[in-house]
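Asks: Order-wise, the sequence lines are chains L and Z.
The opening position of the first sequence corresponds to residue 4 in my numbering, with each subsequent residue numbered one higher.
The opening position of the second sequence corresponds to residue 109 in my numbering, with each subsequent residue numbered one higher.
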Amino acid sequence: MRFLVVMFKEILDNLRDQQTVFYALLFGPVLIPLIIGGSIIVSLKQLSIDFDEVTTLAVENAESAPNLMEFLYSNNIDVESAPDDPISAVRAGDIPLVLKIMPGFAEALRAGKPAPLTLFENEGDKKSTKQARKITALLQSYGRTINALRSQHRGIDSNVFESLEINREDVSRDGAGGQLLASLLPFLLIVSMVMGGFYLAVDTTAGERERQSLEPLLSLPVKRRELVLGKFGATLCFVTLSCILTSISIFIMFRFFPIELLGGGLNFDAATLFKAFLVASPLIAFISAVLITVSAFTRSSKEAQTYLGILMVIPMAPFFILQFVNIRNVLHSMPIPMLSQYQLLEKIVIGDIIPPLYVALSVTGTLICTVILLALAIRLYTRDRILM
Amino acid sequence: MIEAKQLKKSFAKPGSSKKHEMVLAVRDVSFSAADGQVTGLLGPNGAGKSTTLRMLATLVKPDDGSAHIDGFDVSGDVLSVRQQLGFMPHNAGIYPRLTAHENISYYAKLCGLSRNESNKRVDELIEQLTMQSFANRRAAGFSQGQRTKVALARALVHRPQTLMLDEPTNGLDVMATRGLRDIIRELAKQGHCVLFSSHIMQEVSALCDHIAIISDGHIAIADSLEGIKHQTGEDDLEDAFVRAIGETP
Chain L
4 MRFLVVMFKE
14 ILDNLRDQQT
24 VFYALLFGPV
34 LIPLIIGGSI
44 IVSLKQLSID
54 FDEVTTLAVE
64 NAESAPNLME
74 FLYSNNIDVE
84 SAPDDPISAV
94 RAGDIPLVLK
104 IMPGFAEALR
114 AGKPAPLTLF
124 ENEGDKKSTK
134 QARKITALLQ
144 SYGRTINALR
154 SQHRGIDSNV
164 FESLEINRED
174 VSRDGAGGQL
184 LASLLPFLLI
194 VSMVMGGFYL
204 AVDTTAGERE
214 RQSLEPLLSL
224 PVKRRELVLG
234 KFGATLCFVT
244 LSCILTSISI
254 FIMFRFFPIE
264 LLGGGLNFDA
274 ATLFKAFLVA
284 SPLIAFISAV
294 LITVSAFTRS
304 SKEAQTYLGI
314 LMVIPMAPFF
324 ILQFVNIRNV
334 LHSMPIPMLS
344 QYQLLEKIVI
354 GDIIPPLYVA
364 LSVTGTLICT
374 VILLALAIRL
384 YTRDRILM
Chain Z
109 MIEAKQLKKS
119 FAKPGSSKKH
129 EMVLAVRDVS
139 FSAADGQVTG
149 LLGPNGAGKS
159 TTLRMLATLV
169 KPDDGSAHID
179 GFDVSGDVLS
189 VRQQLGFMPH
199 NAGIYPRLTA
209 HENISYYAKL
219 CGLSRNESNK
229 RVDELIEQLT
239 MQSFANRRAA
249 GFSQGQRTKV
259 ALARALVHRP
269 QTLMLDEPTN
279 GLDVMATRGL
289 RDIIRELAKQ
299 GHCVLFSSHI
309 MQEVSALCDH
319 IAIISDGHIA
329 IADSLEGIKH
339 QTGEDDLEDA
349 FVRAIGETP
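1) Here's the rule I'm using: 16 or more other beta-carbon atoms within 10 Å means buried, otherwise exposed. How should L:M391 be labelled?
2) With H, G and I counted as helix, E and B as strand and the rest as coil, what does DSSP make of Z:C301?
3) So for L:D387, helix, strand or coil by DSSP?
4) Between L:E213 and chain Z, is any beta-carbon pair separated by less than 8 Å?
5) Closest to L:I255 by C-alpha separation, out of L:G146, L:L244, L:D272 and L:F241, would be which residue?
6) So L:S81 and L:V57 are in contact, right, with Cβ under 8 Å, and what is the actual spacing, rounded?
7) Please classify Z:R262 as buried or exposed, where buried requires at least 16 neighbouring CB atoms within 10 angstroms.
8) Report, in whole angstroms, the separation of the C-beta atoms of Z:L115 and L:S222, which I expect to be a contact under 8 Å.
9) Using Cβ-Cβ distances below 9 Å, what residues of the stretch 162-194 of chain Z are close to chain L?
10) Inspect the beta-carbon positions of L:Y345 and L:S186 and report whether they are closer than 8 Å.
11) Tell me which residues of the stretch 210-238 of chain Z have at least one Cβ-Cβ distance to chain L shorter than 8 Å, keeping chain order.
12) Using 8 Å as the limit for Cβ to Cβ distance, is L:V297 near chain Z?
13) DSSP state of L:F289, grouped into three classes?
14) Between Z:Q191, Z:F242, Z:S241 and Z:H209, which has its C-alpha nearest Z:R228's C-alpha?
15) Comparing the C-beta of Z:M130 with each C-beta of chain L, is any distance below 8 Å?
16) So if DSSP puts Z:S174 in a beta bridge, which residue, or which two residues, is it bridged to?
17) If we cut at 8 Å on Cβ distances, does L:S216 have a partner in chain Z?
18) For Z:A112, count the other beta carbons within 10 Å of its own beta carbon; 16 or more makes it buried, fewer makes it exposed. Which is it?
19) Going by DSSP, which residues form a beta bridge with Z:M272?
20) Would L:L122 pass as a contact of L:L75 if the rule is Cβ separation under 8 Å?
21) Hey, does L:L221 have any beta-carbon neighbour from chain Z nearer than 8 Å?
22) Under the DSSP definition of a beta bridge, which residues are partnered with L:E165?
23) Give me the Cβ distance between L:M341 and L:I251, rounded to the nearest whole Å; I'm assuming they're in contact under 8 Å.
24) From which residue to which residue does the alpha helix (DSSP H) around Z:E342 run?
25) At least one CB of chain L closer than 8 Å to the CB of Z:N199: is that the case?
26) Suppose contacts are defined by Cβ-Cβ distances below 8 Å. Is Z:Q252 in contact with Z:L280 by that definition?
27) How would you label L:I101, buried or exposed, when you count the other beta carbons within 10 angstroms and need 16 or more for buried?
28) Kindly indicate which three-state DSSP category L:I80 falls into: helix, strand or coil?
29) Which residues in the same chain have their Cβ closer than 7 Å to the Cβ of Z:S138, if we skip the five residues on either side of it in sequence?
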C-alpha cells in the first residue's frame, strides 16, 4: 500500500503549487464553463426571437398609418416617435430600429398599390438585426392580411396567389441550439478533467526528473509499480475534483440562463448531471492514465507541456467531429474512450433512453485502455532511460 | 560492504543523429568497500563515477560484470539491495514545496516505517544532523548545505548498512564541509560502509581509509592512501593521482 504514501505526498505537494490549484480548481471548473458555455448561451439567446416580449419601436410619421400602428400594438409593440435624424441615431446604436412611413403610404394603400415603408436597421448590431427580423415578420403578416382583404374585395380567392404551400417541420427533439448545448456538457467536462490533472501529472513525472528528485526516489526499496500507481492516484484525485466542480458550475450556470426558449427537451437538472458524471467517470481514470503516461515519456516539464498541449486537441476532437459527422451506428463507437462518453452524455442531456449495453461497452472499453496505458507507464519507469 | 567485479556500461549517445552510436561510460570497474571504513571513489569529471554508483544503486543495469551490496546481487535482488543501501545522488533532489521534516518523513514512510516510527526516526535524524532551526521550513529557500543535510537524512532514514554519497561536498562552504566530514566519519565508526565519490583530492585524503581511483571508465588503482603513494612512488596524492591515471606529473 505504499502507493498511498506517494499519492498523499503528491497531493499535498501540488496543493501548495498555485499553478496546479489554479488550473484544477478554477480554470477548468469555473472559467472555461463561463467563457465557452456562457458565450454560447448568450449568442443563442440573441438569435432566438420572443414574440411575446413587449418591445418599443420608433416610428416616423406614425399618424399616417393608424391601422398599422394598431396592429403593431396588438402584437406587443409599443410605438414611440422617431428622433429627428433616424439614420444617425440607428448608426450610433442609440435606438435599434426606425420604421419610416413614407409619404404617399396612405394614398397607395387606398389605391390598392404597394405602400412604401422603410426600415432603418444596423447590420453590424446584433440587437438591431434581431429586432428587424421580428418587425419584418410582423409587417409581412400584416401585408398578407391586406392581400387577403384586397382579393376578397375584388371577388378573387386569395389562395390563387399562393402557388406553393411549404410546410417546414423540425422533427428533432431539441432544435439546432439544443444539439450544440447538449454537446457542451461532455465538452466542458472532458476539458476540465484534462486541465485538472495536467499540471499535477507533469509535475509528478517530468517535473520530478527535472528537479532531479527522481534518482533518489528510484533507489528506495519500493516497487516502481507503487510509484506509478501513487502518481496516477494523485492525478486521479485532482481530475475527479475538477470534474465534480465542473458539474456543479454547469448546474449553477443553467440556473441563471433559462433554456426553455431554445426549444426545450434539454435537461440540466441535478439528476441529469449526476447521471452524466457517472457515465463520464471511467474517463477520469483514462485521462489520468493518458496524462501520466505521456509525461513519463518526456524529459522535462517543458517537453511534457508541449506534448500534452497537442494532446489537448484530442478531447476537443469528438466535439468537432460530431458537429460535422453523423455516426449512424453508435454501437461501434461505444468502446472508444472519449467518443462514447460524448455520445452518451449528449443523449443524457437530450433525454434519450440509453441501452445498458452501450454503457457497458463504454465503461469496458475505457477501462481496458486505461489499464494498457498504466502498464505502459510502469514499463517506462523500469527502463534505464527514465533517468537519462 | 560493496563488491564490484568488472562492471561495464554503455549508453546511446545523447543527441546523436546515428541510431546506435554508443558511449562506453564504464569499461571495467572492480573494487570493494569494507564495513566500518570510508572508501573514496576518486576520479576526474566524466570518468564514470556517477554511472558506477548508479549501477550499484540498481538504477541502471550493468551490461556486464556483477556487484553485490552486503551479499545481494544488484542485477537480481534489487529490493534487498535498496533496503541495505542509502544513496545520495550528486544533486540533493529534494522537494521544494515540502518542509525538511516532510521531505524526510516521505522517504521514511516509503521505506515502510509506521507513522510513529517515522516521526521518531525523523526527529532523531534532525537532531543528529543539527537541522532543528530549519526542520519545519519549506525547502525552496534552503542553502546548499541545508539541502545536502536533508538529502543525507533522507538517505539514512531506513538505517541502511551501506551508504553511497555522490559528490556530497559540492557547493558546500568550509564549515558545512567540515560538519559533513564529521558526520561521515561518525557513520563509519558506527560500522557502516561509506562510499564517497569526489573529484577533489584533499577531500578524499582527509576522509578516506581506502581509495579507488577511476579514470576513463576503469579503476586505475585501489588501495589505502599510503599504499597508493607507495605504488606510484609519489609523495603527494595529487601527483599519485596524475600518475595513476596514466599521465606524468
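Think of the CB as a built atom: it goes at the ideal place given N, C-alpha and C, for glycine as much as any other residue.
Replies: For this structure:
1) In the first sequence, the residue the question calls residue 391 of chain L occupies position 388. It is exposed - the Cβ of L:M391 has fewer than 16 other Cβ atoms within 10 Å.
2) Position 193 of the second sequence holds residue 301 of chain Z. Looking at Z:C301 - three-state DSSP - the assignment turns out to be strand.
3) Taking the first sequence and counting its residues from 1, the one referred to as residue 387 of chain L is at position 384. Of the three classes helix, strand and coil, the one that applies to L:D387 here is helix, per DSSP.
4) Along the first sequence, one-based indexing puts residue 213 of chain L at 210. No - not a single Cβ of chain Z is within 8 Å of the one on L:E213.
5) Numbered from 1 along the first sequence, position 252 holds the residue referred to as residue 255 of chain L. Out of L:G146, L:L244, L:D272 and L:F241, L:D272 has the C-alpha closest to the C-alpha of L:I255.
6) Translated into positions along the first sequence, residue 81 of chain L becomes position 78. Translated into positions along the first sequence, residue 57 of chain L becomes position 54. The amino acid occupying residue 81 of chain L in the given sequence is Asp; Ser does not appear at that position. About 6 Å; that satisfies the 8 Å criterion.
7) As a working mapping, residue 262 of chain Z is identified with position 154 in the second sequence. By the 10 Å Cβ count, Z:R262 comes out buried.
8) The residue labelled residue 115 of chain Z in the question sits at position 7 within the second sequence. The residue labelled residue 222 of chain L in the question sits at position 219 within the first sequence. At roughly 17 Å, the Cβ-Cβ gap does not stay under 8 Å, so Z:L115 and L:S222 are not in contact.
9) R162, A165, T166, L167, V168, K169, V186, L187, S188, V189, R190, Q191, Q192, L193 and G194
10) Counting from 1 along the first sequence, the entry for residue 345 of chain L is found at position 342. Counting from 1 along the first sequence, the entry for residue 186 of chain L is found at position 183. Result yes, Cβ atoms of L:Y345 and L:S186 sit closer than 8 Å.
11) E210, Y214, Y215, K217, L218, C219 and G220
12) Your numbering for residue 297 of chain L matches position 294 in the first sequence. Not closer than 8 Å to any Cβ of chain Z, the Cβ of L:V297 fails to qualify, so no.
13) Within the first sequence, the letter at position 286 stands for residue 289 of chain L. Here L:F289 sits in helix by DSSP.
14) What you label residue 228 of chain Z is simply residue 120 of the second sequence in a count that begins at 1. Per the sequence shown, residue 228 of chain Z should be read as Lys rather than Arg. Comparing Cα positions, the closest option is Z:H209.
15) In the second sequence, the residue the question calls residue 130 of chain Z occupies position 22. Closer than 8 Å: no.
16) Numbered from its first residue, the second sequence carries residue 174 of chain Z at position 66. Answer is Z:K113.
17) Residue 216 of chain L sits at position 213 when you count from the first residue of the first sequence. Chain Z contact via Cβ: present.
18) Residue 112 of chain Z sits at position 4 when you count from the first residue of the second sequence. It is buried - the Cβ of Z:A112 has at least 16 other Cβ atoms within 10 Å.
19) Against the second sequence, residue 272 of chain Z aligns to sequence position 164. Per DSSP, Z:F195 and Z:L303.
20) Indexing the first sequence from 1 puts residue 122 of chain L at position 119. Indexing the first sequence from 1 puts residue 75 of chain L at position 72. In this structure, L:L75 does not lie closer than 8 Å to L:L122 by Cβ.
21) By 1-based counting over the first sequence, the position of residue 221 of chain L is 218. Taking Cβ atoms only, chain Z reaches closer than 8 Å to L:L221, which makes this a yes.
22) Within the first sequence, residue 165 of chain L is the residue found at index 162, counting from 1. Per DSSP, none; premise fails for L:E165.
23) As a first step, residue 341 of chain L is located in the first sequence; it is residue number 338 there, counting from the start. As a first step, residue 251 of chain L is located in the first sequence; it is residue number 248 there, counting from the start. Not really, about 22 Å apart at Cβ, beyond 8 Å.
24) The sequence position of residue 342 of chain Z within the second sequence is 234, counting from 1. It is not in any alpha helix (DSSP H) - Z:E342 carries neither H nor E in the DSSP assignment.
25) As a working note, residue 199 of chain Z is residue 91 in the second sequence. Yes, Z:N199 counts as interfacial toward chain L.
26) To locate residue 252 of chain Z, count along the second sequence from 1; it is residue 144. To locate residue 280 of chain Z, count along the second sequence from 1; it is residue 172. Cβ distance < 8 Å, so Z:Q252 and Z:L280 count as in contact.
27) Numbered from 1 along the first sequence, position 98 holds the residue referred to as residue 101 of chain L. Sequence inspection shows Val at residue 101 of chain L; the Ile mentioned does not correspond to that position. Classification for L:V101: buried.
28) Mapped onto the first sequence, residue 80 of chain L falls at position 77. The answer is strand: DSSP assigns L:I80 an E or B state.
29) Against the second sequence, residue 138 of chain Z aligns to sequence position 30. Once the five neighbours on either side are set aside, the close Cβ partners of Z:S138 are A112, K113, Q114 and I327.
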